[in-house]
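>
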Ligand code: NAD
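Residue numbers (our numbering): 7 to 427.
So, in structure tokens, the structure goes:
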């Protein structure tokens, strides 16, 4: 499968990180092998009756990476590039992300290879329901709890809860079996904003740790979907100046700062930032060349690669997307002294509030928006300071600290359970 990736197979990259961490922790080769492979993997084909009456079959996956620490948790992605290795890598990242945040979960991920722009809303609903029929035997509120990811949203989670509850056939609505649901249907307040809000928290707190006031910084954000859009909104609320953003079509650059609230509203109405202000519009990847203090890649994997790493002027990168920097690009950035707040720390806001949503569903007791955001802020700040302590103790990068922290804890549980030594 490796040759199919234009740049780096994310599974190769995540395995390298597990290996390095296991070695530094003195874990056995058996432990490395145990942690670098998924526990359970389901490959499914999903027949969907299209609006024209013909049936089209889609390929889908659900991967459960490691359930030693608790039920597994992870999003479902609908994208043309979905493939097995990518889903395994994303499931592995989820395990370590939950570990860094001290959540009682292991990691999972799901995906369907599909171009959603070619589906009607009815076809999308049938695909969502068909996918759940296919993976229902291995998910559940105490077993594996999916959530939204790229191109899936709260409405799709609502269809999935409905389908899963019908399939279980016990006359109950199993809210806790999915997170990222609509607020009117068992969702948590502040879940939609959570990943972007978390990116903003990490940026603000990391800058403060470096004795830099966020109000004195300029920021560029690649990707303006759920993560990038809310990250921009909250960074601006904290006082940061966003001078560039991009989406799949173009970039917008303005050294005087872009108005995030207006742009976010425009994006929701038009599904792109293109056309917002044509005078400020540039080629999409011009964003990487912008002179700024902080860069936030919030689009997809492998955004920063060998061919553009040298262009980057930012001194700090806060990763909103999963795996946005390839290993060879990271080596260049490390050499240049760029500080990276890694994905499994910076974008964990989504899974934190998904955990809060699950807890609220299980208790049938719901919290206010402010309560959720205060709890999220505390959890992320605590995690950041734990990673900073580990970094300075071991003289390692923040990414290495995150993997070591997470793997040390997980390996302990795996040994306690007698699953590996
Ligand atoms: P999304 O579909 O809402 O948004 C993706 C954005 O990236 C869109 O604005 C799209 O136009 C843009 N984009 C795509 N290709 C691009 C390119 N080459 N250059 C610039 N922009 C490009 O997805 P999302 O939910 O915001 O997720 C983004 C990333 O964050 C993914 O890596 C996802 O796995 C990760 N993530 C998401 C969540 C979550 O809660 N949504 C949580 C953790 C991690």
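Idealized CB from N, CA, C, for every residue including glycine.
1. Would you please state the rounded distance, in angstroms, between the beta carbons of residue 200 and residue 329? I believe it to be under 8 angstroms.
2. In this structure, what does DSSP give as the bridge partners for residue 146?
3. So for residue 11, helix, strand or coil by DSSP?
4. Could you spell out where the beta strand (DSSP E) holding residue 346 opens and where it closes?
5. Can you tell me which of the three DSSP states residue 65 falls into?
6. Check residue 70 in the structure and name its three-state DSSP category.
7. Are there three or more Cβ pairs, one per stretch, closer than 8 angstroms when the region 247-260 is compared with the region 288-298?
8. Would residue 192 and residue 367 be called neighbours here (beta carbons separated by less than 8 angstroms)?
9. Would you kindly work out how many angstroms separate the C-alpha atoms of residue 379 and residue 386, rounded to a whole number?
10. From which residue to which residue does the alpha helix (DSSP H) around residue 16 run?
11. When you compare only the Cα positions, how much space is there between residue 360 and residue 342?
12. Going by C-alpha distance, which of 151, 88 and 133 is nearest residue 61?
13. CB-CB under 6 angstroms to residue 345, same chain, minus the five flanking residues each way: which ones, in chain order?
14. Quick check: what's the CA-CA separation for residue 249 versus residue 294?
15. Note down, in chain order, each residue of its chain lying with its Cβ closer than 6 angstroms to the Cβ of residue 305, except the 5 sequence neighbours on either side.
16. Count the CB pairs spanning the region 146-165 and the region 82-91 that are closer than 8 angstroms, and state whether there are at least three.
17. Are there any heavy atoms of the ligand NAD lying less than 7 angstroms away from the beta-carbon of residue 17, as far as the coordinates show?
18. Can you pull the DSSP bridge partners for residue 47?
19. Check whether the Cβ of residue 201 lies closer than 7 angstroms to any heavy atom of the ligand GDP, and answer yes or no.
20. Going by beta carbon distance, what residues of the same chain come within less than 6 angstroms of residue 166, once the five residues before and after it are set aside?
21. Take residue 45 as the anchor and find which of 108, 102 and 113 has the nearest alpha-carbon.
22. Taking the alpha carbon of residue 317 as the reference point, which residue from 402, 296, 302 and 325 has its own alpha carbon closest?
Put simply:
1. As a first step, residue 200 is located in the chain shown; it is residue number 194 there, counting from the start. As a first step, residue 329 is located in the chain shown; it is residue number 323 there, counting from the start. Between residue 329 and residue 200 the Cβ distance is about 19 angstroms, and since that is not below 8 angstroms, they are no contact.
2. Residue mapping note: residue 146 aligns to position 140 of the chain shown, counting from 1. Per the DSSP secondary-structure output, residue 146 pairs in a beta bridge with 150.
3. The sequence position of residue 11 within the chain shown is 5, counting from 1. Here the model assigns residue 11 a pLDDT of 49, short of 50, so the residue's position is not dependable, and the following value carries that caveat. Residue 11 sits in coil when the DSSP states are folded into three classes, being neither helix nor strand.
4. Taking the chain shown and counting its residues from 1, one reaches residue 346 at position 340. Looking at the DSSP string, the run of the beta strand (DSSP E) that includes residue 346 is 345-347.
5. Your numbering for residue 65 matches position 59 in the chain shown. If DSSP states are grouped into helix, strand and coil, residue 65 belongs with the strands.
6. Reading the chain shown from its first residue, position 64 is the one you call residue 70. Strand.
7. Result yes; three or more Cβ-Cβ pairs closer than 8 angstroms.
8. Residue numbering aside, residue 192 sits at position 186 when the chain shown is read from its first letter. Residue numbering aside, residue 367 sits at position 361 when the chain shown is read from its first letter. Between residue 192 and residue 367, the CB-CB gap stays under 8 angstroms.
9. What you label residue 379 is simply residue 373 of the chain shown in a count that begins at 1. What you label residue 386 is simply residue 380 of the chain shown in a count that begins at 1. Residue 379 and residue 386: Cα-Cα distance of roughly 10 angstroms.
10. If you number the chain shown from 1, residue 16 lands on position 10. Unbroken alpha helix (DSSP H) run through residue 16: 16-31.
11. As a first step, residue 360 is located in the chain shown; it is residue number 354 there, counting from the start. As a first step, residue 342 is located in the chain shown; it is residue number 336 there, counting from the start. Distance between the alpha carbons of residue 360 and residue 342 is about 36 angstroms.
12. For the purposes of this step, residue 61 is identified with residue 55 of the chain shown, where counting begins at 1. Nearest of 151, 88 and 133 to residue 61, Cα basis: 133.
13. Here the question's residue 345 lines up with position 339 in the chain shown. In its chain, beyond the 5 residues on either side, 322 have a beta carbon closer than 6 angstroms to the beta carbon of residue 345.
14. By one-based count along the chain shown, residue 249 stands at place 243. By one-based count along the chain shown, residue 294 stands at place 288. One C-alpha to the other measures close to 12 angstroms.
15. What you label residue 305 is simply residue 299 of the chain shown in a count that begins at 1. Closer than 6 angstroms at Cβ, skipping near neighbours: 228, 229 and 327.
16. The region 146-165 is in contact with the region 82-91.
17. Taking the chain shown and counting its residues from 1, one reaches residue 17 at position 11. No; taking the cut-off as 7 angstroms, the Cβ of residue 17 has no heavy atom of the ligand NAD nearer than that.
18. Position 41 of the chain shown, counted from the first residue, corresponds to residue 47. Note: residue 47 sits in a beta bridge opposite 69.
19. The ligand GDP is absent from the structure shown, which contains only the ligand NAD.
20. Locating residue 166 in the chain shown gives position 160, where the first residue counts as 1. Residues 134, 138 and 184 of the same chain have their beta carbon placed closer than 6 angstroms to that of residue 166, with the five preceding and five following residues left out of the count.
21. Working through the chain shown from its first residue, we reach residue 45 at position 39. Out of 108, 102 and 113, 113 has the C-alpha closest to the C-alpha of residue 45.
22. Position 311 of the chain shown, counting from 1, holds the residue named residue 317. The shortest Cα separation from residue 317 among 402, 296, 302 and 325 belongs to 296.
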